[in-house]
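Numbering (the UniProt record's numbering), first residue to last: 131 to 428. For every residue, glycine included, the Cβ atom is placed at its ideal position computed from N, Cα and C.
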Ligand code: GDP
């Protein structure tokens, strides 16, 4: 079986190989930096992160008096790893009882799948989980979440047609009454442009706080690694509706370019708790800046 690191590497291969191509020559000159700039922009790193990385790399090159391009490539890996390091943080549960986690995202980002994976991850770590389907509108969404609940053997709370924030409120109470370690609230998929739905997210958050003054303890956004620079816009918009505490970046096993994590690190840093590297329950991995940088730089 192919390991997840290999799948991450395969996913980011195109980015890795176009960055690697930059270092084929032997000269450390302006042309090298220009090609690197293009490769980083093509990888969705965005202008601010690209400029920062180039400056940082030049400084490192000078500092160690690098003489060959392979060495420069190694320094780029270091620069990317250092840039991404602040995003590497573990999701901590067990401080609050229950730990209340809200999960949001645009449709198709991989939210439902990620909730299933996260449930398994938490259950494997010994935590009891209560799922709350606060997507009360779409029957298919509730059913899909119920399938994941069944697969991971956890209880689920849902109420067809109810107000999403009412379901979230009840779930927090039920989580406390049933002594669950974690209450995981799935919210309906929405687009940042859907103003009323973004306001609904703000409302769910507010109502969750009514149920437990310390909650929500985590507000997660699931983003599709293939979304490119738009992922950054999503992070900003969802954060404005309900301040984010963490991200799950999915589909990094596919054709994702991956550079958007640099853009997020530079422009709107939010911890990346997990990355999705496949469709199975096991395919959720904790984010490691160094490993990611190595896959990205090739
Ligand atoms: P939602 O609309 O955000 O709830 O998205 P879903 O969870 O239904 O996922 C949409 C599609 O993406 C499904 O076909 C999932 O199997 C797939 N998917 C989710 N995460 C990953 C991942 O990390 N890798 C791959 N290859 N596919 C994924």
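Any idea if residue i is buried or exposed, counting beta-carbon neighbours within 10 angstroms, 16 or more meaning buried?
{"i": "residue 225", "result": "exposed"}
{"i": "residue 356", "result": "buried"}
{"i": "residue 216", "result": "exposed"}
{"i": "residue 295", "result": "buried"}
{"i": "residue 84", "result": "Residue 84 lies beyond the residue range present for the chain, which begins at 131 and ends at 428; the question has no answer from this structure."}
{"i": "residue 228", "result": "buried"}
{"i": "residue 265", "result": "buried"}
{"i": "residue 147", "result": "exposed"}
{"i": "residue 282", "result": "buried"}
{"i": "residue 347", "result": "buried"}
{"i": "residue 223", "result": "buried"}
{"i": "residue 307", "result": "exposed"}
{"i": "residue 381", "result": "buried"}
Can you tell which of the options has its C-alpha closest to the C-alpha of residue i?
{"i": "residue 159", "options": "179, 196, 148, 146", "result": "196"}
{"i": "residue 396", "options": "359, 383, 386, 424", "result": "359"}
{"i": "residue 250", "options": "418, 270, 412", "result": "412"}
{"i": "residue 331", "options": "353, 354, 369", "result": "369"}
{"i": "residue 162", "options": "178, 146, 184", "result": "184"}
{"i": "residue 156", "options": "172, 165, 198", "result": "198"}
{"i": "residue 172", "options": "190, 303, 152, 299", "result": "152"}
{"i": "residue 427", "options": "200, 194, 261", "result": "200"}
{"i": "residue 304", "options": "258, 317, 324", "result": "258"}
{"i": "residue 313", "options": "321, 333, 345", "result": "345"}
{"i": "residue 329", "options": "256, 384, 234", "result": "234"}
{"i": "residue 170", "options": "190, 140, 206, 192", "result": "206"}
Taking residue i and residue j to be in contact with their CB atoms under 8 Å, please state how far apart those CB atoms are, rounded to whole angstroms.
{"i": "residue 392", "j": "residue 213", "result": "6 Å"}
{"i": "residue 374", "j": "residue 176", "result": "Between residue 176 and residue 374 the Cβ distance is about 18 Å, and since that is not below 8 Å, they are no contact."}
{"i": "residue 137", "j": "residue 408", "result": "6 Å"}
Can you tell me which of the three DSSP states residue i falls into?
{"i": "residue 376", "result": "strand"}
{"i": "residue 156", "result": "coil"}
{"i": "residue 405", "result": "strand"}
{"i": "residue 351", "result": "strand"}
{"i": "residue 234", "result": "strand"}
{"i": "residue 181", "result": "helix"}
{"i": "residue 414", "result": "strand"}
{"i": "residue 282", "result": "helix"}
{"i": "residue 382", "result": "coil"}
{"i": "residue 258", "result": "coil"}
{"i": "residue 274", "result": "helix"}
{"i": "residue 364", "result": "helix"}
{"i": "residue 245", "result": "helix"}
{"i": "residue 393", "result": "helix"}
Have a look at the DSSP bridge pairing and note the partners of residue i.
{"i": "residue 263", "result": "288, 316"}
{"i": "residue 151", "result": "Paired residues: none, contrary to the question."}
{"i": "residue 218", "result": "402"}
{"i": "residue 140", "result": "Beta-bridge pairing links residue 140 to no other residue."}
{"i": "residue 229", "result": "312"}
Of all the CB atoms in chain B, is at least one closer than 9 Å to the CB of residue i?
{"i": "residue 173", "result": "Absent from the structure: chain B. Only one protein chain is present."}
Return yes when at least one heavy atom of the ligand GTP lies under 8 Å from the C-beta of residue i, else no.
{"i": "residue 280", "result": "In the structure shown, the ligand GTP is absent; the only ligands present are the ligand GDP."}
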